[in-house]
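Okay, structure first, notes after.
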Amino acid sequence: MKKYLLFFLFLSFFQYSFSQQKQWYQWYYGKGVGLDFRTIGPTMITGSALNQMEGSASVADENGALLFYTDGVTVYNKLHQVMVNGTNLRGNISSTQSALIVPKPGDKNIYYIFTVPWRGDTDPLNGLMYSEVDMRLDGGNGAITALKNIAIAGSCYEKLGAVKHCNNRDVWVTSYIRTSNTFISYLVTPSGISAVPVISGSGMRIVPADQTEGYLRYSSNGRKMAVAFYELGFQIFDFNNQTGELTNPISFNSWDFPANYLSPYGIEFSYNSQNLYISSTNSWGGGGELLSMDLSSFTKNDILASVRQVLPWDDFREVFSLALGPDKRIYMAEKITSTYTSVLTDPDNRDRPGYSVYNFRSGNTTLGLPNIIAGGNDENDAVINTDYVCNELRTIYSFNSVNPPDSVHWHFGDGTDTTRIPNGIHDFAAEGNYNISLILYYPCHTDTIWQDLDMRIPVVNLGNDTAVCIGKPLTLKSDLAGTAYAWNTGNTTPEINVTQSGTYSVEVTYGVNNCKTQDEIYVDFRPYPELKALRDTFICDNIPVQLDVDIQQPGALYYWQQVQQGPAISITQPGTWHVRISLNGCDTATSFNVVQDALPRFELGPPVQICYNDKLVLDQSQYNYPRYTWQDGSHAASITVRQGGKYYLETANRCGTYSDTLIVMQKDCEPEFVFPTAFSPNKDGVNDLLRPVFRGNITDYLLQVYSRWGNLLYQSNNPHQGWDGRQNGTLLPQGSYIWHLQYRSLTTKEIKHNTGSVVLIN
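Numbered by mature numbering (1 follows the signal peptide of the UniProt record, and there is no 0), the letters in the sequence shown go through residues -19 to -1, 1 to 743 in order.
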C-alpha cells in the first residue's frame, strides 16, 4: 500500500452551552388560542380561558409547563380558572400591550404583573401599575397578594416592554409617558421594583388617540429598542442595558414610505438583532403589509434604502402584532378572511425569511400576541469558528455572537499562547487534541465557551491490500470527509464498488483551502473452491459410510461439522452434516442428511394348522419395507392362506434382504356358528336376512323360525339362504321370534340342535 501524505487539520468540536430559558414556552392570547413551544413546531393549545382583543401575557416554570396567564384585567391559573384575587387589574381588553409578567430575580415563587391602560388614560392613578403573584398560595396554583394595582407611573400609553439587564439577572420594564412623550424604565431586582425610574428618550408627539396604539420591543442583544405609533410612524433607539437609558433616536414618519402610507402596529427584531420587521395596516379601508429593514448601518437613509416588502400590500390582508418566539422565529397575528397566527421561519435571513400559517381548530387569533421579556437568554449563542492551512499545524480562528462582547480572551490549550485579538491565526507545535476556550467580556458579566480541536496529519486510508472472493463486491470508501473525490476509475463519489482485481487509488480534496491527500490499494479477486455435490445418504446397523469430497485442490482445508479434517470421512452417526472447503480465504459449503436404517427383520412364525374351509392372513405391512416377494411371486405386504403348504416371504430395503418360511397344515374341525340377536329386513343391504354363519363342514341343515305362540313362520334346508322377516310376502311386526337350528357335524357325524331368540326391527 502506497501513501501520498499531505498535512491536514481535522476539526471536531464540542460546543458547551446552557439550556434556553423555558419561561416563555407557553403562549396564551386571542380568543382561546395559544402555542406550546416544548415541541418543535410548536403545538397549538386548546382550553384557554382568554377572550382578549389585544395584549396578553403568560409564563411557564423552568420546564416550560404553564403557571398562569392574563389579559391585563383577569388572571387565570394553570387550571384555566380565575386566580385567587385575580380580577379587576388595570389593563384593558383593547390595550396594545395590556400586561407584562416579570419573574422576580432570585425568587422562583414571586412574579410581577405590570399593566397599562387603553389610549393613555388621563386618570393619573391609572397608568403603569403592578400586582404581585405568589405561586405558593392556593395549593401551588398561585394568588395575587395584597400588592395589587400598585401605581408607579401615571398616564402611560399602551406600550409596555421589557429586556434583561446586562447582568443577565435583573429586568428593565419600560413604558411611554403621555404627558412628556418620554420613556420611563424601572429595574426589577431581587430587592423588588426600583423606586427611582430612568426617564430618557424623546418619543413622537401623539395627537389622535389612535396613535397611542402600537408595540414597544427590545432587541435580543439588549442594545436596541423600537416603538411603533399607529398612523404616525416608528422610532429606533440605542439602549444601554446597564443604565437603562435610551439614546440616539431615529424617527420614521408615515410619509417616509410614499408607496403605501405606513401605519405601523407590530414591530419586532430578528433574533440576531440585525433586522427589524414592521407590520402596517390601513385603518380606514383595510389592507396591510409586512416590511423588513437592515439595521447594520444605523442611519435613517441607510435603513430606508434597505426596506423590503416581506408580505406585499394586500387590500384584504391586515398584519397586526409581531412577536419573537423562543424558537427564534417571528410570529404574527394576521387577518385575510379570518384572523390566524402566521410565522416567519427564518427572520435572521432577510433574503428568505420563510412564511407559514397555523390554523386553529377552535378559537381565534385577534390583534395581539403575548408580551415577553427580550434578551438575556440562558443559551450562550456564541460560536467558535476554526479553519486550517494546508501543510501546517495552523488554525485560523474567529467567533460569531448575536450579542457582541466588549472584548475577548483566547486560550489555545497548548500552554504557549493566549491572545485578546478577536480573529487571527495560531500555530501549534505538535499534533494533538487541544481544548480552545474563548472568554467574552460584557459590561456586567462574562461568558466562556469551549471547543475541542483535533490537529492531525490528513491521510486518506483505503486500508491494507486485500483479497476478495469472486462474485462478492468490495466497497472501497474514503475515511476522510472531503469536498471532492477522484478515483482512478473515473468515479467522483466517496465510495466505489469494485469487482475485478487491480490497483485502485483515490485523491480526496478537503476543506475551504482545497487541500489534497491520496491513497491506493491492491485488490485480488480469487475464485471459490469446487466442492463435489453430496446427496443424502444412510447408514445400516451402525456400519460406517465413507464419503469423499476431494477434487484435487492443493492447499484446500476441509471442515466437517466445523472441525478441520481431511477430504474423506467415515460417518457413523445420523443427522444433518455440513462440509466446508476453504481455499485462499474463499469458502464453499454444502450440507446433506444421513439417515439411520437397518436390515429387514420379521418372523412368519412356527408351523400352524387351520381348519378346512378356513383361512389364515399373513400380514407384514407393519414393517413398510419397499419390497415384498412371496413364494407365488406376488409382492403385496400380506396374503390370505386357504390351503396347507409351505409359504415363503423375502423382503428387501437399501440395507439388504431377509426371508422366512411358514408351514401351514389343514385339519377337520368341529363346526362352529354365529347367530345374530337382531336383524332389520328394510332392504338397506345391512342385516336384511336372518341366518347363521358357520365355520367348519356340516350336513343335514335345517333352520326354523316360530312366533312367540309357536306358529311356524319360516324353514329352510339351504345354509346359504336366510329369512327376510316376511310370511307370504308380508313383513311381520317388530318383536321377538324363536329360531331352531339343526345340523350334522361331518367330523363327529353327530346331529346338533340349537334354539334361541332374535329381534326383528322394522
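In this text, a Cβ means the ideal position worked out from N, Cα and C, and glycines have one as well.
Measure the C-alpha to C-alpha separation of residue 741 and residue 681 and round it to an integer number of angstroms. Along the sequence shown, one-based indexing puts residue 741 at 760. Along the sequence shown, one-based indexing puts residue 681 at 700. Near 26 Å, if we compare the C-alpha coordinates of residue 681 and residue 741.
Rounded C-beta distance between residue 548 and residue 530? I'm assuming under 8 Å. As a position in the sequence shown, residue 548 is number 567, starting the count at 1. As a position in the sequence shown, residue 530 is number 549, starting the count at 1. Confirmed, Cβ separation roughly 5 Å.
DSSP on residue 639, reduced to helix/strand/coil? As a position in the sequence shown, residue 639 is number 658, starting the count at 1. In the structure shown, residue 639 sits in a strand (DSSP, three-state: E or B).
Does residue 120 come out as helix, strand or coil in the three-state DSSP assignment? The residue you call residue 120 lines up with position 139 of the sequence shown. In the structure shown, residue 120 sits in a helix (DSSP, three-state: H, G or I).
Using DSSP with H/G/I as helix, E/B as strand and the rest coil, what is residue 570? As a working mapping, residue 570 is identified with position 589 in the sequence shown. Correct three-state label for residue 570: strand.
I want to know whether the segment 442 to 450 touches the segment 410 to 426 - three or more CB-CB distances under 8 Å. no
Please tell me whether residue 203 and residue 154 are closer than 8 Å, where the distance is taken between their beta carbons. Sequence index remark: in the sequence shown, residue 203 carries index 222 (1-based). Sequence index remark: in the sequence shown, residue 154 carries index 173 (1-based). Against a cut-off of 8 Å, the Cβ pair of residue 154 and residue 203 comes out as no contact.
Residue 639 to residue 650, Cα distance in whole Å? Translated into the one-based positions of the sequence shown, residue 639 becomes position 658. Translated into the one-based positions of the sequence shown, residue 650 becomes position 669. Taking the straight line joining both Cα atoms gives about 35 Å.
My guess is that residue 163 and residue 180 are in contact by the Cβ rule of under 8 Å, so how many angstroms apart are they, rounded? Working through the sequence shown from its first residue, we reach residue 163 at position 182. Working through the sequence shown from its first residue, we reach residue 180 at position 199. Correct: roughly 5 Å between the Cβ atoms.
Could you pull out every unbroken beta strand (DSSP E) segment of at least 3 residues lying fully inside the segment 659 to 725, listed in chain order? 674 to 676, 679 to 687, 693 to 697
If we count the other Cβ atoms within 10 Å of its Cβ and call it buried at 16 or more, is residue 707 buried or exposed? On the sequence shown, residue 707 is found 726 positions in, with the first residue counted as 1. Result: exposed.
Residues that DSSP places opposite residue 448 in a beta bridge: By one-based count along the sequence shown, residue 448 stands at place 467. According to DSSP, which records beta bridges pairwise, residue 448 is partnered with 505.
Between which two residues does the alpha helix (DSSP H) holding residue 281 run? Counting from one through the sequence shown, the residue named residue 281 turns up at place 300. Start and end: 281 to 286.
Residue 744: first and last residue of the uninterrupted beta strand (DSSP E) it sits in: No information on residue 744 is available, as it lies outside the stretch -19 to 743 that the chain covers here.
Just verifying my parser: in three-state terms, what is the DSSP assignment at residue 76? Position 95 of the sequence shown, counted from the first residue, corresponds to residue 76. Note: residue 76 maps to coil in three-state DSSP.
If you reduce the DSSP assignment to three classes, tell me which class residue 236 lands in. Position 255 of the sequence shown, counting from 1, holds the residue named residue 236. Helix.
By a C-beta neighbour count over all protein chains shown, 10 Å radius and 16 as the cutoff for buried, is residue 355 buried or exposed? Reading the sequence shown from its first residue, position 374 is the one you call residue 355. Burial call: buried.
Between the C-alpha atoms of residue 553 and residue 510, what's the straight-line distance to the nearest angstrom? For the purposes of this step, residue 553 is identified with residue 572 of the sequence shown, where counting begins at 1. For the purposes of this step, residue 510 is identified with residue 529 of the sequence shown, where counting begins at 1. In a straight line, the C-alpha of residue 553 is about 27 Å away from that of residue 510.
Taking just the CA atoms, how far does residue 384 sit from residue 436? Position 455 of the sequence shown, counted from the start, is the residue given in the question as residue 436. Position 403 of the sequence shown, counted from the start, is the residue given in the question as residue 384. Approximately 30 Å, taken between the alpha carbons.
Could you check what DSSP says for residue 246 in three-state terms: helix, strand or coil? Residue 246 sits at position 265 when you count from the first residue of the sequence shown. Reduced to three states, the DSSP call for residue 246 is strand.
Residue 730 to residue 586 span [Cα, whole Å]: Locating residue 730 in the sequence shown gives position 749, where the first residue counts as 1. Locating residue 586 in the sequence shown gives position 605, where the first residue counts as 1. Residue 730 and residue 586: Cα-Cα distance of roughly 34 Å.
For residue 733, which residues from the same chain have a beta carbon less than 6 Å from its beta carbon, with the 5 sequence-adjacent residues on both sides left out? If you number the sequence shown from 1, residue 733 lands on position 752. Excluding sequence neighbours, residue 733 sits near 724.
Assuming residue 655 is part of the beta strand (DSSP E), what are its boundary residues? On the sequence shown, position 674 is the one that residue 655 refers to. Counting along the chain, the beta strand (DSSP E) containing residue 655 begins and ends at 653 to 655.
Nearest-angstrom Cα separation, counted from residue 350 out to residue 322: Position 341 of the sequence shown, counted from the start, is the residue given in the question as residue 322. Position 369 of the sequence shown, counted from the start, is the residue given in the question as residue 350. Distance between the alpha carbons of residue 322 and residue 350 is about 9 Å.
Rounded to whole angstroms, what is the Cα-Cα separation between residue 289 and residue 278? Locating residue 289 in the sequence shown gives position 308, counting from the first residue. Locating residue 278 in the sequence shown gives position 297, counting from the first residue. Those two C-alpha atoms are separated by around 15 Å.
Ordered along the chain, which non-local residues of its own chain (more than five positions away) have a Cβ less than 7 Å from that of residue 338? Within the sequence shown, residue 338 is the residue found at index 357, counting from 1. Hits under 7 Å: 321, 323.
What do you get for residue 151, buried or exposed, if any count of 16 or more other CB atoms within 10 angstroms of its CB means buried? Start at 1 with the first residue of the sequence shown, and residue 151 comes out as number 170. By the neighbour-count rule (16 or more Cβ atoms within 10 Å), residue 151 is buried.
How is residue 193 classed by DSSP in three states: helix, strand or coil? Your numbering for residue 193 matches position 212 in the sequence shown. Residue state, collapsed to three classes: helix.
With DSSP as the reference, please indicate the residues paired to residue 145 in a beta bridge. By 1-based counting over the sequence shown, the position of residue 145 is 164. Answer is 152.
Taking only the alpha-carbon atoms, compute the straight-line gap between residue 499 and residue 482 and give it to the nearest angstrom. Working through the sequence shown from its first residue, we reach residue 499 at position 518. Working through the sequence shown from its first residue, we reach residue 482 at position 501. Between residue 499 and residue 482, the C-alpha separation is close to 20 Å.
Tell me the rounded alpha-carbon separation between residue 305 and residue 59. As a position in the sequence shown, residue 305 is number 324, starting the count at 1. As a position in the sequence shown, residue 59 is number 78, starting the count at 1. Cα-Cα distance, rounded: 23 Å.
Is residue 112 near residue 129, with beta carbons less than 8 Å apart? What you label residue 112 is simply residue 131 of the sequence shown in a count that begins at 1. What you label residue 129 is simply residue 148 of the sequence shown in a count that begins at 1. A contact, by the Cβ cut-off of 8 Å.
Are the segment 488 to 507 and the segment 458 to 467 in contact at 8 Å, needing three or more beta carbon pairs? yes
Helix, strand or coil: how does DSSP classify residue 359 here? Mapped onto the sequence shown, residue 359 falls at position 378. Legend: pLDDT at residue 359 = 46, less than 50; position of this residue unreliable, value from coordinates given subsequently. Here residue 359 sits in coil by DSSP.
Contacting residues, own chain, Cβ-Cβ under 6 Å from residue 247 (five flanking each side not counted): Here residue 247 corresponds to residue number 266 of the sequence shown, with the count starting at 1. Only 196, 260, 301, 302, 303 meet the Cβ criterion.
Start-end ranges of the beta strand (DSSP E) lying completely within the segment 541 to 616, minimum 3 residues: 544 to 546, 549 to 552, 556 to 564, 567 to 578, 589 to 592, 597 to 600, 608 to 611
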